[in-house]
DNA sequence: CTCTTTTACTTGACGCGACAACTATTGCCC
DNA sequence: GGGCAATAGTTGTCGCGTCAAGTAAAAGAG
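Chains as they are written, first to last, in this note's numbering: chain A, 6 to 166; chain B, 6 to 166.
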């Protein structure tokens with residue numbers, strides 16, 4: 006491998022060069038996402054919700070009027086149950102979702118987004134739309150496709166375990 | 006843009022297709038990193054440290070015997086001070102780092118990695134090396150470079166704010 | 001028709017990140 | 001050299017993730 010100037014290396018003030026490309030790619034991935042997440046957090050903050058709460062609201066909006074049981078939400082988030090329970094505790098406290106014990110199976114708790122929840126989502130649509138335009142604005146359409154494909158492949162090599 | 010089958014869409018059981026490529030790329034980025042982080046957490050767990058603690062230890066190892074003041078560590082982590090203080094509280098509790106009030110400027114607290122800390126890092130080297138090989142194993146060298154480049158560009162378009 | 005297992009959550013304890021407010025020094029200005 | 005700002009950290013509160021344990025209801029086994 007020939008010498009390359011690494012943008013990442015400058016960014017993290019690292020003196021030693023990366024030993025492998027894989028190392029650099031991995032760190033680049035972690036760092037890029039970190040930056041994106043901080044921006045997302047700032048976008049959500051005015052609406053009084055966090056990224057995870059937004060995620061849950063989106064899932065519930067998609068689920069429609071019937072709502073979804075807690076575990077089904079957790080499934081779609083790759084997330085452990087305890088977290089989701091408490092996440093929804095807080096959303097319920099803000100009246101953005103309702104929880105009702107299912108009558109046909111009393112173990113289940115169906116969660117449903119409220120009008121207020123829908124309004125919060127709506128209030129974020131524009132800003133978020135603009136944001137993902139901004140994030141990927143640096144890349145041409147074919148590059149965006151390439152990025153999507155590369156990330157897909159990385160995940161495929163990783164999903165087990 | 007012609008119709009594409011989206012791997013991501015299947016993964017998150019989403020019924021509606023993505024409205025823009027940017028949206029899909031962004032979500033792919035978040036999701037890929039999420040998976041990587043979970044794997045990393047599992048690798049670190051046996052050593053009794055978290056990713057952030059590992060990060061701090063790496064930085065201190067690079068800093069050598071003189072150590073680094075708390076804020077300098079925070080700098081290299083893109084992280085807020087309060088977090089770092091408490092992070093180091095826990096590392097110090099495990100005797101992986103020492104903290105000494107600097108004599109020439111009594112506001113400063115210099116942090117230094119201990120033998121124990123170095124041993125913990127050493128115990129993780131192999132597994133981590135294998136891991137980044139695995140993560141990027143799906144990609145050819147030129148694809149890894151492409152990924153690195155695309156991520157660099159995304160960060161560049163984002164760094165302000 | 002009980003007894004055990006599985007399923008669907010809930011609760012508790014701990015580590016981490018974020019913001020805000022506070023303390024302790026040092027440096028600077030005049 | 002007395003006062004004020006900047007610097008370096010610490011502490012408190014809150015949301016979130018993780019694991020481990022516990023509860024409650026439904027399903028299956030004999």
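The beta-carbon is built from N, C-alpha and C at its ideal position, and this holds for glycine as well.
Everything numeric in this text was worked out from a predicted model, so none of it was measured.
Assignment of residue 78 of chain A by DSSP, reduced to helix, strand and coil, places it in the helix class. Listed in chain order, the non-local C-beta contacts of residue 128 of chain A below 8 Å within the same chain comprise 52, local neighbours out to five positions each way being set aside. In this structure residue 101 of chain B is in contact with residue 125 of chain B, their Cβ atoms being roughly 6 Å apart against a cut-off of 8 Å.
The beta carbon of residue 71 of chain B does not come within 9 Å of any beta carbon belonging to chain A, so the residue lies off that interface. Note on geometry: alpha-carbon atoms of residue 19 of chain A and residue 34 of chain A lie some 16 Å from one another. Apart from sequence neighbours up to five positions away, the residues of its chain that approach residue 149 of chain A with a beta-carbon distance below 7 Å are 141, ordered along the chain. Of the other Cβ atoms in all chains shown, fewer than 16 fall within 10 Å of the Cβ of residue 83 of chain B; this residue is therefore exposed. Taking CB atoms only, residue 65 of chain B has no neighbour in chain A less than 9 Å away. Fully enclosed alpha helix (DSSP H) runs of no fewer than 4 residues occupy 75-82, 86-98 of the segment 57-122 of chain B, in order along the chain. Chain B has a Cβ within less than 9 Å of the Cβ of residue 156 of chain A. When rounded, the separation of the alpha-carbon atoms in residue 55 of chain A and residue 48 of chain A is 9 Å. Bounds of the alpha helix (DSSP H) holding residue 47 of chain A are 26-49. At least one beta carbon of chain A lies nearer than 9 Å to the beta carbon of residue 153 of chain B. Distance from the CA atom of residue 138 of chain A to the CA atom of residue 30 of chain B, rounded to whole angstroms, is 11 Å. A straight-line Cα-Cα distance of about 14 Å links residue 16 of chain B and residue 159 of chain A. For the segment 79-90 of chain B, the beta-carbon criterion of a distance under 8 Å to any beta-carbon of chain A is satisfied by 80, 81, 83. In this chain, the alpha helix (DSSP H) harbouring residue 12 of chain A covers 12-16.
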